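Q:
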Amino acid sequence: SVLGLQIIARAKRQGIKLSPKQLFEKQTIGQLAS
1 SVLGLQIIAR AKRQGIKLSP KQLFEKQTIG QLAS
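For the sequence shown, UniProt numbering begins at 1 and goes up steadily by one.
Below, the structure written as structure tokens:
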């Protein structure tokens, strides 16, 4: 989704490596952090 791509772009700017697959599999921030 467009929102997902925006989240990935923002994470990348913060130095966080995040793939679309990770975002899809982990639906919440808490799950992404773990």
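Yeah, the Cβ is synthetic: ideal placement off N, Cα and C, and Gly gets one too.
Given the structure is predicted, the values throughout are model-derived calculations rather than measurements.
Using the Cα positions of residue 11 and residue 18, report the straight-line distance between them to the nearest angstrom.
A: If you draw a straight line from the Cα of residue 11 to the Cα of residue 18, it is about 7 Å long.
Q: Pick helix, strand or coil for residue 14, following the three-state DSSP scheme.
A: coil
Q: Tell me which residue opens and which closes the alpha helix (DSSP H) that residue 21 is part of.
A: Unbroken alpha helix (DSSP H) run through residue 21: 20-25.
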